[in-house]
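In the numbering used here, the protein residues as written are 2 to 45.
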């Protein structure tokens, strides 16, 4: 199963453990409209 499919299923089932496994510890989401950067723990 691909990472994207695995992450999508984790989102649908709200499985935090699997979401954590899919994203690298250095993951950061940049929201340009708000001018903020969210860490992995803030996104999940």
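Cβ atoms here follow ideal geometry from the backbone N, Cα and C, with glycine treated the same way.
7 angstroms Cβ cutoff met for residue i and residue j
| i | j | result |
| --- | --- | --- |
| residue 45 | residue 20 | yes |
| residue 6 | residue 23 | no |
Pick from the options that is closest to residue i, judged by C-alpha positions
| i | options | result |
| --- | --- | --- |
| residue 25 | 12, 2, 40, 34 | 40 |
| residue 42 | 27, 36, 34 | 27 |
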